[in-house]
Structures are given as C-alpha cells and as structure tokens.
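In full-length UniProt numbering, the protein residues as written are 1 to 350. Idealized CB from N, CA, C, for every residue including glycine.
Below you can see the structure in the form of structure tokens.
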C-alpha cells in the first residue's frame, strides 16, 4: 500500500484520515487571490480612470478648471462623436476584423448631409436619410469585398478610406460647407437637454441600440462566434459570409450616423471631418477588451475607454503639458491595450 493511501476502513472524517483537518484549506487564499485578480482584471481600467480623475481634480494647477461643469460639458460633448465612431468599429471587430474606414465613412456622410442641405436645399430629414444610405452602401460594398471576394479586410477598408478621402476632397475642394446647414441640426450638436449636452443624449441612445444588437440578438451572438472561431461557427450552421457582410453594413450605418452627429457638433463639413477620429476611437475599442468583459469588445467598455482617454488628455492639457503629449498618451494607451489583450489571449491559451 502506498504511504499516501488511507487505511482501509478509516473514517474519512476522522483526524487520522486527514492530517490537514482543522487547518485552513490551502486553496482558500488562492481562491481569494484569484477573486481579487479577477476584479482588478475586469475593473482595473475603471479604477485607473477614477484615480486619474481624482488626481487632476485635486491638483492645485488643474483642479478648479478640471472640476468645473463647463469643462465636463465640453469634454463629454466633444467625445460623443468619437464614441459614435467607436461604436461603428464594434461590429466588424466582434467578427474578428478591423475596419479602418469608419472615420472616412463619417467624413463622407457628413459631407453628403451638408451638401444635400447647402447645395440642393433638401430638408434635414432627407439629408440625414441620404447620409445614412451612403454609409450603408459603403458598408455593403466593403462587406462584399471581404466576405464574398475574400479580400484582406485591412487592405479593403484602408483602400476604401483612401478612396473616400480623395473623393470628398475633390468634391469640396478642401473647403468647408457651412451655408444652409439646418439650425435644428446644429442646435442638437451644441444645445442642452435637461442640463446635458443634447449630442450626448443622442449618442447614448445610439449606444443602447448597438448594445442591444450585439448582446441581445442572434446576430450579435453569431458575430462573436465568428470572431472567436470562424470554423467552429461555420460547423454549427452560421452563415459566415452573410454575417460578415451584415457586420460591415452595420458598421457603415453607425459610421454614417456618427458623421451626421459630427456635422451637428461642428456646424460645417470638410473633407477631413472624421478622419482624425479613427485612432482615438480604435484606442477606446481596444481598451474595451481589457475591462468588464475581458477579451471581448463591448459598448460599456468602449464608453469607459473613451472617457479614460478624454479625461487623461484634458487633465494633461490643463496642467500645461505640450500639445504633443496628448498624441503620445493616446498612442501609448493603444499599445498598452493591445499588449494587455495579447497577454490575456496567451494566458487563456495555456
């Protein structure tokens, strides 16, 4: 009989049967550490956001301006459009693709809506419908390239972004479209509803719709199934090509909505409107994969990512940091998000 084997007939509840009886189980501290680690893993970015906000609020240099309601109203209103662009990224990213055209789609839709009102005197509702139709068409086009023609999504979306940028520059001549924009639209971009920026309320409603589609519908579950393992998704009966096509269509539609909101916020459209929002939006989406639902992009995580970058850069500006610091911070946050997400995948793969 092995020395480690209990004697036949020994009562397993007796002291002799369990030498460690009466002592704390060695698994209990480990379980506690795991629980704490899980909390930090899921909510670490949120805790860091709170710490950054407290730091800049308490700083004698930035505190008064940082804590002011005017600063927070401006900050949230400015970042609402970035959040909307980030929401457009979630659909293809859930399916395992990066869509580098969302900024260009927003810019194009912004120009389409502005031109419809300014150059053709069309009503606001028609202008918005044309902008949304433009984004949807671009999304479907990219979906065909990626899902049916099997084009590399990086090349397809980057090529589309370059094409759109050139087209709207040719149309506008690099000039702003400022005349004829509906006052109802611009008031939604700069006004307040119940004490909150109206554009924030609109984007919050858009975010709620995106959350519902991604988390509460069969389509959303299929997207994440494809993003997790495309072959397994195909084996369980998911129409991969159709779902990928719809992912790009949804991205184009939400990106177009972001373009309309951008026009509302700025009151004018130019060829570079929205182009500069790609990387802040991409950073926020990648940050969403390291908070709450770790390893999976989410609407709520994206919101935290947008606010984290915005609060940090606002605080850095208020303490007198040079302008380049904000760009460096955003780039560093993007790299950290990618690195942490990669480490998480490696750890789960072991």
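For the putative contact between residue i and residue j, defined by C-beta atoms under 8 Å, what is the C-beta separation to the nearest angstrom?
i: residue 334; j: residue 286; result: 6 Å
i: residue 184; j: residue 299; result: Not quite, the Cβ-Cβ distance comes to about 27 Å (not below 8 Å), so this is no contact.
i: residue 88; j: residue 258; result: 6 Å
i: residue 337; j: residue 289; result: 7 Å
i: residue 311; j: residue 53; result: 6 Å
i: residue 80; j: residue 214; result: Not really, about 19 Å apart at Cβ, beyond 8 Å.
i: residue 264; j: residue 186; result: 6 Å
What is the rounded straight-line gap between the Cα of residue i and the Cα of residue j?
i: residue 131; j: residue 61; result: 43 Å
i: residue 243; j: residue 51; result: 40 Å
i: residue 342; j: residue 225; result: 19 Å
i: residue 114; j: residue 103; result: 17 Å
i: residue 110; j: residue 143; result: 21 Å
i: residue 192; j: residue 198; result: 5 Å
i: residue 151; j: residue 145; result: 6 Å
i: residue 330; j: residue 56; result: 17 Å
i: residue 120; j: residue 162; result: 26 Å
i: residue 101; j: residue 140; result: 13 Å
i: residue 327; j: residue 83; result: 18 Å
i: residue 321; j: residue 314; result: 10 Å
i: residue 174; j: residue 271; result: 6 Å
i: residue 324; j: residue 235; result: 49 Å
i: residue 77; j: residue 190; result: 8 Å
i: residue 116; j: residue 107; result: 14 Å
i: residue 318; j: residue 332; result: 20 Å
i: residue 43; j: residue 306; result: 15 Å
i: residue 133; j: residue 254; result: 11 Å
i: residue 228; j: residue 238; result: 13 Å
i: residue 96; j: residue 268; result: 34 Å
i: residue 294; j: residue 122; result: 45 Å
i: residue 203; j: residue 301; result: 15 Å
i: residue 195; j: residue 90; result: 29 Å
i: residue 35; j: residue 245; result: 40 Å
i: residue 136; j: residue 252; result: 5 Å
Tell me, which residues are paired with residue i by DSSP?
i: residue 269; result: 177
i: residue 322; result: According to DSSP, residue 322 bridges with nothing at all.
i: residue 60; result: The partner list for residue 60 (beta bridge, DSSP) is empty, contrary to what the question assumes.
i: residue 192; result: 197
Buried or exposed: residue i, going by 16 or more other Cβ atoms within 10 Å of its Cβ?
i: residue 218; result: exposed
i: residue 352; result: The question about residue 352 has no answer here: the residues shown for the chain are numbered 1 through 350.
i: residue 282; result: buried
i: residue 181; result: buried
i: residue 262; result: buried
i: residue 157; result: buried
i: residue 26; result: Model confidence at residue 26 stands at a pLDDT of 47, short of 50, so the residue's coordinates are unreliable; what they give is reported in the following sentence. Classification of residue 26: exposed, given that the 10 Å Cβ count is below 16.
i: residue 280; result: buried
i: residue 297; result: buried
i: residue 209; result: exposed
i: residue 2; result: Low confidence applies to residue 2: its pLDDT is 42, below 50, so where it sits in the model is not reliable, and the reading given next is rough at best. With fewer than 16 Cβ atoms within 10 Å of its Cβ, residue 2 is classed as exposed.
i: residue 126; result: exposed
i: residue 387; result: Absent from the structure is residue 387, since the part of the chain shown begins at 1 and ends at 350.
i: residue 339; result: exposed
Which class does residue i belong to by DSSP, given the choice of helix, strand or coil?
i: residue 17; result: The predicted model places residue 17 with a pLDDT of 43, which falls under 50 and marks its position as unreliable; any figure quoted below should be read in that light. The answer is coil: DSSP assigns residue 17 none of H, G, I, E or B.
i: residue 123; result: coil
i: residue 335; result: helix
i: residue 197; result: strand
i: residue 275; result: helix
i: residue 71; result: helix
i: residue 117; result: helix
i: residue 293; result: coil
i: residue 150; result: coil
i: residue 38; result: helix
i: residue 44; result: helix
i: residue 168; result: helix
i: residue 311; result: helix
i: residue 249; result: helix
i: residue 254; result: helix
i: residue 239; result: coil
i: residue 100; result: coil
i: residue 95; result: coil
i: residue 137; result: helix
i: residue 302; result: helix
i: residue 340; result: helix
Is any heavy atom in the ligand MG found nearer than 6 Å to the beta carbon of residue i?
i: residue 204; result: Ligands in the displayed structure: none, and consequently the ligand MG is not present.
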